[in-house]
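Undergrad:
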Amino acid sequence: MMKQWQVAKRILPLLAVFSLLLSACGREDLSVMKPQGPVAQGQYDLMKLSIAIMIVVLIIVFAIAAYVLIRFRRRSGQNDIPEQVEGSFKLEVIWTAIPLLLVIVLAVPTVKEIFAQGADLSNDPNAVQVKVTSHQYWWEFTYPQYDVTTAQDLIIPTDKKIAFELKTADVIHSFWVPSLAGKMDTNPDGTLNKFSFSAPNEGVYRGKCAELCGRSHAYMEFKVKAVSPEAFDRWVAEMKAPAVLPEDTQLAEKFKTNCLSCHAVGDQGGPVAPNLTGIGGKESVAGILLNQREGQEEGKPVLDNMKEWLHDPQSVKPGNTMPSPKDLGLTDEEIDGIAEYLANYKLDYE
Amino acid sequence: MDWITTVDHKKIAVLYLAAGGLFFGIGGIEAILIRIQLMKPMNDFVSAQVFNELITMHGTTMIFLGVMPIIFAIMNAVVPLQIGARDVAFPFVNALGFWTFLFGGLLLNLSWIMGGAPDAGWTSYTPLSGSEYSGTHGVDFYTIGLQIAGLGTLIGGINFLATIITMRAPGMSYMRMPMFTWTTFITSAIILFAFPAITVGLVLLTFDRILDANFFDVAGGGNPVLWQHIFWIFGHPEVYILILPAFGIISEVIPTFARKRLFGYSSMVFATILIAFLGFMVWAHHMFTTGLGTIANALFSISTMLIAVPTGIKIFNWLFTMWGGRIRFTAANLFAVGFIPTFVMGGVTGVMLASAPADFQFHDTYFVVAHFHYVIVGGLVLGIFSGLHYWWPKMFGRILSESLGKWTFWTFMIGFQLTFFVQHFLGLMGMQRRIVSYLPNQDFDLLNLVSTIGAFLMGVGVIIFLVNIVITTKKPVNAPNDPWEDGRTLEWTIPSPPPEYNFKQTPLVRGIDAYWKEKMAGNTEMTPAEPVGSIHMPSATPLPFVMSVGIFIAGLGLMFSKDDFGNAFMNGLFNNYIVLIIGLVITFGAMMLRSLYDDHGWHIEPEDQDEKGARK
Numbered sequence: 144m145m146k147q148w149q150v151a152k153r154i155l156p157l158l159a160v161f162s163l164l165l166s167a168c169g170r171e172d173l174s175v176m177k178p179q180g181p182v183a184q185g186q187y188d189l190m191k192l193s194i195a196i197m198i199v200v201l202i203i204v205f206a207i208a209a210y211v212l213i214r215f216r217r218r219s220g221q222n223d224i225p226e227q228v229e230g231s232f233k234l235e236v237i238w239t240a241i242p243l244l245l246v247i248v249l250a251v252p253t254v255k256e257i258f259a260q261g262a263d264l265s266n267d268p269n270a271v272q273v274k275v276t277s278h279q280y281w282w283e284f285t286y287p288q289y290d291v292t293t294a295q296d297l298i299i300p301t302d303k304k305i306a307f308e309l310k311t312a313d314v315i316h317s318f319w320v321p322s323l324a325g326k327m328d329t330n331p332d333g334t335l336n337k338f339s340f341s342a343p344n345e346g347v348y349r350g351k352c353a354e355l356c357g358r359s360h361a362y363m364e365f366k367v368k369a370v371s372p373e374a375f376d377r378w379v380a381e382m383k384a385p386a387v388l389p390e391d392t393q394l395a396e397k398f399k400t401n402c403l404s405c406h407a408v409g410d411q412g413g414p415v416a417p418n419l420t421g422i423g424g425k426e427s428v429a430g431i432l433l434n435q436r437e438g439q440e441e442g443k444p445v446l447d448n449m450k451e452w453l454h455d456p457q458s459v460k461p462g463n464t465m466p467s468p469k470d471l472g473l474t475d476e477e478i479d480g481i482a483e484y485l486a487n488y489k490l491d492y493e
Numbered sequence: 003m004d005w006i007t008t009v010d011h012k013k014i015a016v017l018y019l020a021a022g023g024l025f026f027g028i029g030g031i032e033a034i035l036i037r038i039q040l041m042k043p044m045n046d047f048v049s050a051q052v053f054n055e056l057i058t059m060h061g062t063t064m065i066f067l068g069v070m071p072i073i074f075a076i077m078n079a080v081v082p083l084q085i086g087a088r089d090v091a092f093p094f095v096n097a098l099g100f101w102t103f104l105f106g107g108l109l110l111n112l113s114w115i116m117g118g119a120p121d122a123g124w125t126s127y128t129p130l131s132g133s134e135y136s137g138t139h140g141v142d143f144y145t146i147g148l149q150i151a152g153l154g155t156l157i158g159g160i161n162f163l164a165t166i167i168t169m170r171a172p173g174m175s176y177m178r179m180p181m182f183t184w185t186t187f188i189t190s191a192i193i194l195f196a197f198p199a200i201t202v203g204l205v206l207l208t209f210d211r212i213l214d215a216n217f218f219d220v221a222g223g224g225n226p227v228l229w230q231h232i233f234w235i236f237g238h239p240e241v242y243i244l245i246l247p248a249f250g251i252i253s254e255v256i257p258t259f260a261r262k263r264l265f266g267y268s269s270m271v272f273a274t275i276l277i278a279f280l281g282f283m284v285w286a287h288h289m290f291t292t293g294l295g296t297i298a299n300a301l302f303s304i305s306t307m308l309i310a311v312p313t314g315i316k317i318f319n320w321l322f323t324m325w326g327g328r329i330r331f332t333a334a335n336l337f338a339v340g341f342i343p344t345f346v347m348g349g350v351t352g353v354m355l356a357s358a359p360a361d362f363q364f365h366d367t368y369f370v371v372a373h374f375h376y377v378i379v380g381g382l383v384l385g386i387f388s389g390l391h392y393w394w395p396k397m398f399g400r401i402l403s404e405s406l407g408k409w410t411f412w413t414f415m416i417g418f419q420l421t422f423f424v425q426h427f428l429g430l431m432g433m434q435r436r437i438v439s440y441l442p443n444q445d446f447d448l449l450n451l452v453s454t455i456g457a458f459l460m461g462v463g464v465i466i467f468l469v470n471i472v473i474t475t476k477k478p479v480n481a482p483n484d485p486w487e488d489g490r491t492l493e494w495t496i497p498s499p500p501p502e503y504n505f506k507q508t509p510l511v512r513g514i515d516a517y518w519k520e521k522m523a524g525n526t527e528m529t530p531a532e533p534v535g536s537i538h539m540p541s542a543t544p545l546p547f548v549m550s551v552g553i554f555i556a557g558l559g560l561m562f563s564k565d566d567f568g569n570a571f572m573n574g575l576f577n578n579y580i581v582l583i584i585g586l587v588i589t590f591g592a593m594m595l596r597s598l599y600d601d602h603g604w605h606i607e608p609e610d611q612d613e614k615g616a617r618k
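Those sequence lines, one after another, are chains A and B.
Heads up: take any position in the first sequence, counting from 1, add 143, and you land on this note's numbering.
Heads up: take any position in the second sequence, counting from 1, add 2, and you land on this note's numbering.
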């Protein structure tokens, strides 16, 4: 017991130093080393423990190696034959036992954490249920309790746990929000995955697809937006409100025939492609073209992004299944008109 | 012509080295292109499609066609010599193994010029690698090319097993075998058990793609996760197929240049066996995020962590081999000594990855990329460099330039650390792997630039090594039998390069490090175990080459069996499986010829046994 404490005492300052070092890395909304929720925090704690153990191992090995290499290098004129040592039972037992001990130190909290994070919340009435469906190359989020479907921006309340059920509509993707929780694959039917996380602080967190899924794998990003419980309720209500269509009736007709065969706005349209309700207020266009927002240095005005996307979807996300509006027979003016309409289609809930 | 018909293990080693070196170069160029693309955010040096092809081919080429054949080269060159044998057990099969590997590799790389390289990652997860989402012939090249190349590896492995079991010199019990022979033995055993898994997997995927089967197709009742299991049941042991021979090389080089016998020989042997054994039990640690459930994740976490124990034993044994020694820093030893800390780095991150909840964060990020490059490049490639510098005089009769060797070491080593150390942090900061590009302002920019610079430095190191080879090849063949003066094992008792028959008289082994033991007893050469006599040699034959050409043709025939060439003759030829059948007829015809024609080989009589190297 006494000895264990001594080991711990030696590791503690090291741990402190390295958490300082590590926490200097990366953005708060993205980095694994700046966890923003309990799940990511648990994983980060485990990582810190393992890093601390490993640093101790590295220091010992490097120190022995450095000592040996300096002390026992062959000097000129040194032509004698050193003693041919067969081995040492005692030493070999020591370096079998110590790694074993270190492994146990890491294994116990690992197993604990595995079971803690494996809890199934899919029947928990206090959790917000979200069904995530991944597509090449976008994310669909359905809230069965609220009968709401959205895409690319996952809106969640800060006061609740979010229970996910993951599946894919095509190939395997992986759902990853580094600052909130580790990733989980989205499999086709039959092996659906469940997991959960929560985001106690309001904010926008960057999510990524982590499993190679085709040409636009790199561009299959999404955002998790944690908002206050009241704002979340307002968002749900706004999502369920009737659709707003372009004022210009001619343009509205074009939009209906060309876009709503796949996309949906409010109560109209289809479920094949990302839901466009309130798209002008989202964090990005197509997941990868960041929109300007307050307190953020990057991003272009949403209208610019929308135009860039609609004029040539393939250059933004190669291999995506959206037909180019130009090929659908829309003129440049009509495309700009639709872009303007979509850019101004915002939900007022914050 | 001589090279096409040879069945001599020493010449086949050179063939493996040349072909492996060629593919290593191709894989290296692919790596450099990847790093140029990732040098800055939103770069458009290559398209997303080409990028996916590059990463897939880089991984596949390096693992299957680059480092593994180079290891096979060293094994072929060294193992028969180390155990006092005149050749491998089945020289004909040895040649066949090489040619199938070469033609498999050529088929795979033909994809670059024949319409689309494989693009689903080196792991080729289904459904992405299925015909629905990967419409070009890319993945067909992957399945069929690897199938043919894998055939070569499998028969090579079986051959080494038979050789080591049956052809050791008198007195060489298992516990007197040199460490490199031991690791070759264990590696071959892993090959024997692991390769059938990938063989089956590739057959299933080929059936899915070409014959419309449903093994991995949910709509047809299949399961894509099945592919992941099959792939990793092979894929994880594969890691040990790669790293164990490197352990063997290090265990030869360090004692030689420390002038000490290997510390804890028997624990080294058992650690090797244990690593191989555990290596088969941990495949699912590649699949924590696939969703296997808590129990499976817990079990695979713990079993994975256990591998740290035998690996730790090895590391400390190497350090204590040097303790009290007289360490000489030759180029070969620099690589061996550099291997230790670098490999330990890869090892400790491996234990970190084994912790499943933490792996949810690490998996599929640059942290993993950093980890396995530390193991495979920092472990295996440094091991290969060490082994090549060490045994080059034995293979070619010429000693590589020491100063160029040291330049290679320092540029490669510094470049390596620059490239991969920073990638740990990129992963932790949220950069996933296999992405063609990334947005600016995510704190990824600087570290990616550093990584790319490091990759170029590694490239420079490899080029210096090539220059070294060219310069050395122009020197006269004058390496002594025992160029390092402290050689401990049997290969150093015979001329460099060895004569065709290796040992004029099979040596008698009287302990671990047989040659060292004789030297300490005051002898300059081994005591022979047999009188001088006529030596039986196998005949050279072009049949292995012909068989491999047949399989190559059959592979192409199968791949294009459904294509429309816009030409009635070609369509008729391919769509009716005629090309496939022609290929198989060539292969099986050659096999039949081999079975029906009894070739007893030939003999070298004592008066013709000159002690010089057979190869000029």
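Don't be surprised by glycine CBs; every beta carbon is placed ideally from N, CA and C.
1. Inspect the beta-carbon positions of B/Val9 and B/Ala97 and report whether they are closer than 7 Å.
2. Could you work out which residue in A/Ser458, A/Leu433, A/Ala429 is closest to A/Trp282 when comparing CA atoms only?
3. Find the nearest neighbour of A/Leu212 within the set B/Phe322, B/His288, B/Leu109, judged by alpha-carbon distance.
4. Let me see if you follow: with CB-CB separation under 7 Å, is A/Lys425 close to chain B or not?
5. Note down, in chain order, every chain B residue with its Cβ under 7 Å from the Cβ of A/Val200.
6. Do B/Pro120 and B/Thr58 have their CB atoms nearer than 7 Å?
7. If you reduce the DSSP assignment to three classes, tell me which class A/Ala416 lands in.
8. My understanding is that B/Phe218 touches B/Thr128, with C-beta atoms under 8 Å, so please give their C-beta distance in whole angstroms.
9. Contact criterion: CB-CB distance below 7 Å. Does B/Ala199 meet it with respect to chain A?
10. With a CB to CB cut of under 8 Å and the five nearest residues on each side skipped, what residues in its chain are close to B/Val587?
11. To the nearest angstrom, how far is it from the Cα of B/Leu244 to the Cα of A/Asn401?
12. Ends of the alpha helix (DSSP H) at B/Gln611?
13. Closer than 7 Å by beta-carbon distance: list the chain B residues that pair up with A/Gln227, in chain order.
14. Secondary structure at B/Tyr599, three-state DSSP: helix, strand or coil?
15. Report the start-end ranges of each alpha helix (DSSP H) in the segment 329-387 of chain B that is 4 residues or longer and not cut off at the edges.
16. For B/His238 and A/Gly180, I'd like the C-alpha separation in whole angstroms.
17. Taking all protein chains shown into account, decide if B/Met44 is buried (16 or more other Cβ within 10 angstroms of its Cβ) or exposed.
18. I'd like to know if A/Met327 contacts chain B, where contact means its C-beta is closer than 7 Å to some C-beta of that chain.
19. In terms of residue numbering, what span does the beta strand (DSSP E) encompassing A/Asn336 cover?
20. Across the segment 492-499 of chain B and the segment 446-458 of chain B, are there enough close Cβ pairs to call them in contact, namely three or more that are closer than 8 Å?
21. Does B/Lys618 come out as helix, strand or coil in the three-state DSSP assignment?
22. Assign A/Leu244 to one of two classes, buried (16 or more other C-beta atoms within 10 Å of its C-beta) or exposed (fewer than that).
23. Relative to the C-alpha of B/Gln51, which candidate in B/Leu109, B/Gly140, B/Arg37, B/Tyr18 has its C-alpha closest?
24. Closer than 8 Å, Cβ to any Cβ of chain A: which residues of the segment 238-253 of chain B, in chain order?
25. Are there 16 or more other CB atoms within 10 angstroms of the CB of B/Gly266, so buried, or fewer, so exposed?
26. Determine the burial state of A/Asp296: buried for a count of at least 16 other Cβ atoms within 10 Å of its Cβ, exposed for fewer.
27. Taking Cβ-Cβ distances shorter than 7 Å, what residues in chain A pair up with B/Ser439?
28. Hey, how far is the Cα of A/Pro331 from the Cα of A/Thr311?
29. Determine the chain B residues that contact A/Glu235 at a beta-carbon separation under 7 Å, and present them in chain order.
30. What first and last residue would you give for the beta strand (DSSP E) that runs through B/Leu153?
31. Where B/Ser126 and A/Ser339 are concerned, what is the direct C-alpha to C-alpha distance, given to the nearest angstrom?
32. Going straight from the alpha carbon of B/Gly349 to that of B/Val377, what length do you get?
33. List the residues of chain A whose Cβ lies closer than 9 Å to the Cβ of B/Tyr517, in chain order.
34. Would you mind stating whether A/Ile431 and A/Glu354 have Cβ atoms separated by less than 7 Å?
35. Closest to B/Val548 by C-alpha separation, out of B/Met572, B/Pro180, B/Gly591, B/Val311, would be which residue?
36. Is A/Phe258 near B/Thr296, with beta carbons less than 7 Å apart?
TA: According to the data block:
1. As a working mapping, residue 9 of chain B is identified with position 7 in the second sequence. As a working mapping, residue 97 of chain B is identified with position 95 in the second sequence. Their beta carbons are under 7 Å apart, which means B/Val9 touches B/Ala97 by this criterion.
2. If you number the first sequence from 1, residue 282 of chain A lands on position 139. Ranking the options by Cα distance to A/Trp282, first place goes to A/Ala429.
3. Within the first sequence, the letter at position 69 stands for residue 212 of chain A. A/Leu212 has its Cα closest to that of B/Phe322, out of B/Phe322, B/His288, B/Leu109.
4. On the first sequence, position 282 is the one that residue 425 of chain A refers to. Nearest CB-CB separation between A/Lys425 and chain B: not below the 7 Å threshold.
5. Along the first sequence, read from residue 1 onward, the residue named residue 200 of chain A stands at position 57. For a Cβ distance threshold of 7 Å, residue set Val350 of chain B lies close to A/Val200, ordered along the chain.
6. By 1-based counting over the second sequence, the position of residue 120 of chain B is 118. By 1-based counting over the second sequence, the position of residue 58 of chain B is 56. Yes.
7. Position 273 of the first sequence, counted from the start, is the residue given in the question as residue 416 of chain A. Note: A/Ala416 maps to coil in three-state DSSP.
8. Within the second sequence, the letter at position 216 stands for residue 218 of chain B. Within the second sequence, the letter at position 126 stands for residue 128 of chain B. At roughly 4 Å, the Cβ-Cβ gap stays under 8 Å, so B/Phe218 and B/Thr128 are in contact.
9. Residue 199 of chain B sits at position 197 when you count from the first residue of the second sequence. False, the Cβ-Cβ gap to chain A never drops below 7 Å.
10. On the second sequence, residue 587 of chain B is found 585 positions in, with the first residue counted as 1. Closer than 8 Å at Cβ, skipping near neighbours: Gly552.
11. Walking along the second sequence from the start, residue 244 of chain B turns up at place 242. Walking along the first sequence from the start, residue 401 of chain A turns up at place 258. In this structure, the alpha-carbon of B/Leu244 lies about 55 Å from that of A/Asn401.
12. Within the second sequence, the letter at position 609 stands for residue 611 of chain B. Note, B/Gln611: premise wrong, no alpha helix (DSSP H); not H, not E.
13. Indexing the first sequence from 1 puts residue 227 of chain A at position 84. Within 7 Å Cβ-Cβ: Lys262, Arg263.
14. As a working mapping, residue 599 of chain B is identified with position 597 in the second sequence. B/Tyr599: coil per DSSP, three-state reduction.
15. If we require 4 residues or more, the alpha helix (DSSP H) runs fully inside the segment 329-387 of chain B come out as 333-356, 358-364, 368-377.
16. Position 236 of the second sequence holds residue 238 of chain B. Position 37 of the first sequence holds residue 180 of chain A. B/His238 and A/Gly180: Cα-Cα distance of roughly 33 Å.
17. Your numbering for residue 44 of chain B matches position 42 in the second sequence. The residue in question, B/Met44, is exposed, as its Cβ has fewer than 16 Cβ neighbours within 10 Å.
18. Sequence index remark: in the first sequence, residue 327 of chain A carries index 184 (1-based). Yes, A/Met327 counts as interfacial toward chain B.
19. Numbered from its first residue, the first sequence carries residue 336 of chain A at position 193. Judged by DSSP secondary structure, A/Asn336 falls within the beta strand (DSSP E) whose first and last residues are 336-340.
20. Segments in contact, no.
21. Position 616 of the second sequence, counted from the first residue, corresponds to residue 618 of chain B. Its pLDDT being 39, under 50, B/Lys618 is placed unreliably in this model, and the coordinates cannot settle the point.
22. The residue you call residue 244 of chain A lines up with position 101 of the first sequence. Exposed, because fewer than 16 other Cβ atoms sit within 10 Å of the Cβ of A/Leu244.
23. For the purposes of this step, residue 51 of chain B is taken as residue 49 along the second sequence, with counting starting at 1. It is B/Gly140.
24. Taken residue by residue, none of the segment 238-253 of chain B has a beta-carbon sitting less than 8 Å from a beta-carbon on chain A.
25. The sequence position of residue 266 of chain B within the second sequence is 264, counting from 1. The residue is buried, with at least 16 neighbouring Cβ atoms inside 10 Å.
26. The sequence position of residue 296 of chain A within the first sequence is 153, counting from 1. With at least 16 other beta carbons inside 10 angstroms of its own, A/Asp296 counts as buried.
27. To locate residue 439 of chain B, count along the second sequence from 1; it is residue 437. What B/Ser439 touches in chain A: Ala361.
28. For the purposes of this step, residue 331 of chain A is identified with residue 188 of the first sequence, where counting begins at 1. For the purposes of this step, residue 311 of chain A is identified with residue 168 of the first sequence, where counting begins at 1. One C-alpha to the other measures close to 5 Å.
29. The sequence position of residue 235 of chain A within the first sequence is 92, counting from 1. Chain B residues near A/Glu235: Gly266, Ser269, Ile315.
30. Counted from its first residue, the second sequence places residue 153 of chain B at position 151. For B/Leu153, no beta strand (DSSP E) segment is defined; the enclosing uninterrupted segment is the alpha helix (DSSP H) at 140-168.
31. What you label residue 126 of chain B is simply residue 124 of the second sequence in a count that begins at 1. What you label residue 339 of chain A is simply residue 196 of the first sequence in a count that begins at 1. C-alpha separation (whole angstroms): 28 Å.
32. Along the second sequence, one-based indexing puts residue 349 of chain B at 347. Along the second sequence, one-based indexing puts residue 377 of chain B at 375. Rounded to whole angstroms, the gap between the alpha carbons of B/Gly349 and B/Val377 is 7 Å.
33. One-based indexing of the second sequence puts residue 517 of chain B at position 515. Neighbours of B/Tyr517 on chain A: none; closest Cβ ~14 Å, over 9 Å.
34. The residue given as residue 431 of chain A occupies position 288 in the first sequence. The residue given as residue 354 of chain A occupies position 211 in the first sequence. Taking 7 Å as the Cβ cut-off, A/Ile431 and A/Glu354 do not qualify as a contacting pair.
35. Position 546 of the second sequence, counting from 1, holds the residue named residue 548 of chain B. Per the C-alpha coordinates, the member of B/Met572, B/Pro180, B/Gly591, B/Val311 positioned closest to B/Val548 is B/Gly591.
36. In the first sequence, the residue the question calls residue 258 of chain A occupies position 115. In the second sequence, the residue the question calls residue 296 of chain B occupies position 294. The answer is yes: Cβ separation under 7 Å.
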